[in-house]
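Visitor: Numbering (my numbering), first residue to last: 53 to 141. Idealized CB from N, CA, C, for every residue including glycine. Quick caveat, the model's predicted, so the values are computed rather than measured.
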């Protein structure tokens, strides 16, 4: 991500690189309220960062759904067999 002035003349005091570094903490609500407000101000004025955080959110939500799925015992056994076979040579 590049650092650039906000597109709507709003200065949040947060750079695009800082948004990239803190996106996960922001989405998981692990930031102080003041920092969160500064990030939200930046996101409101920077479409690139807004799109980036939206994409990270979608990936995070998708991974959460996938982690809840578990293969059936038969599929798990087959996966194990394939793994053992691929590593026994």
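#1: Can you list, in chain order, the residues of its chain whose CB lies under 8 Å from that of residue 104, leaving out five sequence neighbours each side?
#2: Near residue 128, which residues of its chain fall below 7 Å by C-beta distance, leaving aside the five closest residues on each side in sequence?
#3: So, is residue 66 buried or exposed, given that buried needs 16 or more other C-beta atoms within 10 angstroms?
#4: Looking at residue 78 and residue 88, is the spacing between their C-beta atoms short of 8 Å?
#5: What separation, rounded to the nearest whole angstrom, lies between the Cα atoms of residue 106 and residue 99?
#6: Curious, which full-length alpha helix (DSSP H) runs of at least 4 residues does the region 98-128 contain?
#7: Let me check understanding here. Comparing Cα to Cα, which of 123, 109, 122, 139 lies closest to residue 80?
#8: By how many angstroms is the C-alpha of residue 126 removed from the C-alpha of residue 95?
Guide: The structure says:
#1: 53, 71, 72, 75
#2: none
#3: buried
#4: yes
#5: 10 Å
#6: 99-120
#7: 109
#8: 46 Å
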